[in-house]
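Enquirer:
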Amino acid sequence: MDALTSLIGNQSLLKIFKTEQIIHDIVATIDNLPGPRAPMSVMPVEPARGKFIIEKTKGTIGIDQQNAIRYTPYVRLAESLDAKKLVELYVRLYPLFQQSYEELGYPGKYFNDRLMVAIDDLLAAPEFSKQIKLEQPKYYYQYADPDIESLSIGQRILVRIGIDNEMLIKNKIREIKQELIHHMHKIGTSDVR
898 MDALTSLIGN QSLLKIFKTE QIIHDIVATI DNLPGPRAPM SVMPVEPARG KFIIEKTKGT
958 IGIDQQNAIR YTPYVRLAES LDAKKLVELY VRLYPLFQQS YEELGYPGKY FNDRLMVAID
1018 DLLAAPEFSK QIKLEQPKYY YQYADPDIES LSIGQRILVR IGIDNEMLIK NKIREIKQEL
1078 IHHMHKIGTS DVR
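Residue numbers (the numbering used here): 898 to 1090.
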């Protein structure tokens, strides 16, 4: 927790995190992001506050633009991160990330490889400037467009948080990816494997 505090610095942003089992939760979430779903129970952050906001017009349901405000603390957190310091912390703690990944059922595979898959998947998320249509077949809403609904959970999350937030998050992810690549070239990939 001390490492997280020194990385973020802002006490109010730290409240977003679930600190118990944080390494495990980060690993499980990153492993799930390129897939179809990610259980809230393993997310390393608390759920967004407030109710999911929809807009109903002319018989259609869409994500209300005001919904993006719910994600402001997460975007502020991402923007506050120093990518270089984050990667340095990641490399320092990598043995714990790797151990947790193996405990998830991936002996002999490298967590760093899965992290890069998740990063690339997030960066490939489509960007929609128009309102996204929804449907509600049961209790929960889902995207009306089957192409959007079939995206990975990580990409669907980025679509849900709104285009402006998505762009800010993607910019930070690009910074982190560049730092990871730079660090791997600088020291050799064996140090993060």
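The beta-carbon is built from N, C-alpha and C at its ideal position, and this holds for glycine as well.
1) Is it buried or exposed for A935, if we count other Cβ within 10 angstroms and need 16 for buried?
2) Would you list the residues sitting across from T969 in a DSSP beta bridge?
3) Does the distance from the CB of L1065 to the CB of A945 come in under 8 Å?
4) So, for I920: in the same chain, excluding its five sequence neighbours on each side, which residues have a beta-carbon less than 8 Å away from its beta-carbon?
5) Please list the terminal residues of the continuous beta strand (DSSP E) segment that includes L1031.
6) Taking the alpha-carbon positions, what's the I1060 to T957 distance?
7) What residue does the alpha helix (DSSP H) around G1051 start on, and which one ends it?
8) Any idea which residues DSSP pairs T954 with across the strands?
9) Give me, in chain order, the residues of the same chain whose beta-carbon lies closer than 7 Å to that of L1001; leave out the 5 immediate sequence neighbours on both sides.
10) If you run the structure through DSSP and keep just helix, strand and coil, what is F1025?
11) Going by C-alpha to C-alpha distance, which of I966, V939, S1047, I1016 sits closest to P933?
12) Give the DSSP bridge partners of Q962, in chain order.
13) Short check: CB of I951 to CB of G959, under 8 Å?
14) At the level of alpha carbons, what is the spacing between P970 and M1081?
15) Which same chain residues end up closer than 8 Å to M1013 when comparing Cβ atoms and leaving out the 5 residues on each side of it in sequence?
Expert: Judging by the given coordinates:
1) buried
2) DSSP output for T969 lists no bridge partner at all.
3) no
4) L990, L993, F994, S997
5) 1030-1032
6) 20 Å
7) 1050-1057
8) T957
9) V924, A925, D928
10) coil
11) S1047
12) For Q962, which the question treats as bridged, DSSP gives no partner whatsoever.
13) yes
14) 30 Å
15) K1074, L1077
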